[in-house]
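Note that UniProt numbering has the sequence shown beginning at 1, numbered continuously upward.
All C-beta atoms in this analysis are idealised placements derived from N, C-alpha and C, irrespective of residue type, glycine included.
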Amino acid sequence: MCEAIGQFGPGLTPPTQDAFRGSLLEEEYERTKCLLQEREAEKMKNGCSIMTDAWSDRKRRSIMNICTNCADGTSFISSKEMSDVSHTSEVIFELVDKAIKDIGEENVVQVVTDNASNNMGAKKLLLEKRPQIFWTSCAAHTINLMLQGIGKLPRFRKVIDQAKSFTIFVYGHTRTLECLRYFTEGKELVRPGVTRFASYFLTLNSMQEKKDQLRKMVVHSRWDSLKDVKSKKGKEATTTILSPAFWKDVKLMLAVFEPLVKVLRLVDGDVKPSMGFLYGELLKAKREIKEAFGNVESRFKDVMAVIEKKMNGRLDSPLHLTAFLLNPHYSYANPSIFDEPKMNEAFISCVEQFYYHDEDQQEQAANFELKKFQNREGPFSKKLARTFQNYDYNPGRASWWRLYGTETPALQKMATRILSLTSSSSGCERNWSGFEGIHTKKRNRLTTTRLNKLVYIQFNNRLMNNREKIKSKKITDVLLSSDTTEAQGFLQEGGDDCAQVVFRDEEEDEMEGTGIPWSVIGEAVGAEEQLEPRRSARVRELYEGEEFESEEEEYEDEDLCYSEDEI
1 MCEAIGQFGP GLTPPTQDAF RGSLLEEEYE RTKCLLQERE AEKMKNGCSI
51 MTDAWSDRKR RSIMNICTNC ADGTSFISSK EMSDVSHTSE VIFELVDKAI
101 KDIGEENVVQ VVTDNASNNM GAKKLLLEKR PQIFWTSCAA HTINLMLQGI
151 GKLPRFRKVI DQAKSFTIFV YGHTRTLECL RYFTEGKELV RPGVTRFASY
201 FLTLNSMQEK KDQLRKMVVH SRWDSLKDVK SKKGKEATTT ILSPAFWKDV
251 KLMLAVFEPL VKVLRLVDGD VKPSMGFLYG ELLKAKREIK EAFGNVESRF
301 KDVMAVIEKK MNGRLDSPLH LTAFLLNPHY SYANPSIFDE PKMNEAFISC
351 VEQFYYHDED QQEQAANFEL KKFQNREGPF SKKLARTFQN YDYNPGRASW
401 WRLYGTETPA LQKMATRILS LTSSSSGCER NWSGFEGIHT KKRNRLTTTR
451 LNKLVYIQFN NRLMNNREKI KSKKITDVLL SSDTTEAQGF LQEGGDDCAQ
501 VVFRDEEEDE MEGTGIPWSV IGEAVGAEEQ LEPRRSARVR ELYEGEEFES
551 EEEEYEDEDL CYSEDEI
């Protein structure tokens, strides 16, 4: 905008307030709708997913976002303030059901949400009314739960705590931070991610990359001459960096985290449909994690137990397994997949649900057409069909089925729709500020219609811009964030409490006879607010000039004297 004003030159007459609130708002709203027309066409052609997310802003207003995703990307539908409404299963079901009506039931293949118990209750209600629509768990949410669970294991908890103590100490003092940047040639050690666990991996990986620089730093006279290094925490920081055991554990943790982080990047990217790749890449991740432990069961058992517990019933549903089976990248590379009882059961279940109202199509897809695909008959046998072997095959697996599945129309329709699906609702979750930034001051209260249009414009333009940046490689890592909120644990004591994205599991104790988790009841009565210690809401940034407040430090060399210039 500033560039456009500069190009116009002097004499520009700014729009009036009425123009901003009226005609210009309408023009931008219509322009945004036009930009999304191709996505609307894709939804009608290959179906879409509905994604939901509930969150609370800094004023404790409760907001529900509804988005859709198709092969062309994620689009925002609406936001609804629900501060005076309980987030019951019935309320969520009604919102989702209305969205399905608006889009068209025939165009919706699945609903994607996190694993909260109220969402699972809404799932049951939807399946009763619309049994042909799938309801799946958000893959990004589930993988973050895996990383969270692994990070809590004693061996990994220790290395995370050691890394945090070091970075908090270095970033908490101006001179230690200057020293760090001198040895890293200005590169930051802490790398904020879009979630707390992405920040864990990115920062530990950053430390591993700068291992030699960090070790040179802590044995250099420049480091040793700093007053803060003489403190107890300073000595602990030095010891951590010089500890072979610490670096050994960092290397192991990265080897365990990285396979799952690769899958997280896949489902978080919103560039290509991930449903057809999720299960296969999770199997690959599990193999790589076992290899990191030398394939010794006693060493990887606790890690695999965490992964299996979070994966079961969430990322191995009939829809996920059928997408894996119908992706020739996996099933043609390993034909034994067609003979696995689990795969056959999942496929039959998926066919029955997808063609719930059409038994003829069920019979065609399951009893006749699957065999043609398995045996590579007709167009499936063509030499050009081997393009499936390339993981990065650009047209996508749905396009492959449109081209080579012409003699199996029932299976073709099912495959193109399933392989066009996302497996995550994270695109809906990462754009909360659209609502919060618009409706902040009482004097700027907007009508509901204007508010919804502004959020629609901002949310969708942000989604489209992010997608283009990822496709053009301007965003090199979808897990990196320019916001330090999710990396506060590496910047200040108790910083993890600042995280906006809290990953809860539905496996919680519930009040007997209600199905409501105690954590939800506690949140409703403000228990957390009353019991938690009061912390500053301030978020620590990477580029702060002043020293950051931390706990009082003990200096072991009490007789040290410093001139005023040194203090």
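What does the alpha-carbon distance come out to for the pair residue i and residue j?
i	j	result
Cys350	Glu340	15 angstroms
Ala19	Glu468	30 angstroms
Arg462	Tyr355	36 angstroms
Leu254	Gln162	15 angstroms
Ser481	Asn465	15 angstroms
Arg402	Glu188	47 angstroms
Ser199	Ile241	19 angstroms
Lys251	Gly186	24 angstroms
Ala116	Leu180	42 angstroms
Ile100	Phe388	33 angstroms
Asp102	Thr195	32 angstroms
Val525	Glu94	Any reading at Val525 must be qualified, since the residue scores a pLDDT of 49, below 50, and its modelled position is unreliable; no value is offered.
Leu479	Lys98	32 angstroms
Arg535	Val108	Here Arg535 scores only 37 on pLDDT, less than 50, and its place in the model should not be relied on; the value that follows carries that caveat. So the two alpha carbons sit approximately 44 angstroms from each other.
Leu321	Lys284	14 angstroms
Asn46	Phe380	21 angstroms
Phe347	Glu81	39 angstroms
Ile299	Lys152	The question names Ile, yet the displayed sequence has Arg at residue 299. In a straight line, the C-alpha of Arg299 is about 16 angstroms away from that of Lys152.
Phe197	Ser331	32 angstroms
Cys48	Gly378	29 angstroms
Gln364	Ala415	14 angstroms
Pro244	Leu226	24 angstroms
Thr422	Ala122	20 angstroms
Gly193	Leu260	15 angstroms
Trp223	Leu491	19 angstroms
Gln7	Val190	39 angstroms
Asp360	Leu411	12 angstroms
Using DSSP bridges, identify the partner residues of residue i.
i	result
Ile66	Thr52, Ser78
Gly193	Leu480
Gly73	Cys70
Nearest to residue i by CA position, among the options, is which residue?
i	options	result
Gln362	Gly396, Leu321, Ala398, Pro409	Pro409
Val170	Thr184, Lys158, Arg450	Thr184
Met343	Ala323, Asp358, His329, Lys248	Ala323
Ala237	Leu325, Leu252, Phe257, Leu214	Leu214
Val85	Ile63, Ser199, Cys428	Ile63
Ser317	Tyr279, Tyr404, Tyr182, Met146	Tyr279
Gly405	His141, Met146, Thr239, Arg376	Arg376
Tyr182	Glu493, Lys216, Val159, Asn205	Lys216
Lys453	Ala385, Phe134, Lys33	Lys33
Leu419	Arg397, Ile133, Ser425	Arg397
Phe277	Leu266, Val271, Arg287	Leu266
Ala54	Lys45, Leu226, Asp72, His87	His87
Pro131	Ser331, Lys413, His357	His357
Ser206	Arg222, His220, Glu258, Gly234	Glu258
Asp249	Pro154, Leu12, Gln7, Phe459	Pro154
Glu369	Ser274, Ala333, Leu326	Leu326
Arg417	Thr16, Glu42, Glu27, Pro328	Glu42
Thr74	Ile307, Asp270, Thr13, Thr167	Asp270
Asp268	Ala139, Asp483, Thr449	Ala139
Ile77	Thr176, Thr203, Tyr456, Asn144	Tyr456
Lys413	Ser424, Ala366, Arg450, Glu493	Ala366
Can you tell me where the beta strand (DSSP E) with residue i in it begins and where it stops?
i	result
Ser137	134-137
Gln110	108-113
Would a check of beta-carbon distances place residue i closer than 8 angstroms to chain B?
i	result
Lys469	Among the chains of the structure shown, chain B does not appear; only one protein chain is present.
Following the continuous alpha helix (DSSP H) through residue i, name the residue where it begins and the one where it ends.
i	result
Val263	244-268
Gly121	117-129
Lys45	37-46
Asp224	221-224
Glu288	275-292
Tyr404	397-404
Ala323	318-326
Asp302	297-311
Gln412	409-418
Gln488	Element bounds for Gln488: n/a, residue is neither H nor E.
Pro15	Looking at the DSSP string, Pro15 is not in any alpha helix (DSSP H), and its letter there is neither H nor E.
Asp212	211-218
Every unbroken alpha helix (DSSP H) inside the segment 324-368 [4 residues or more]: 328-331, 341-354, 359-363
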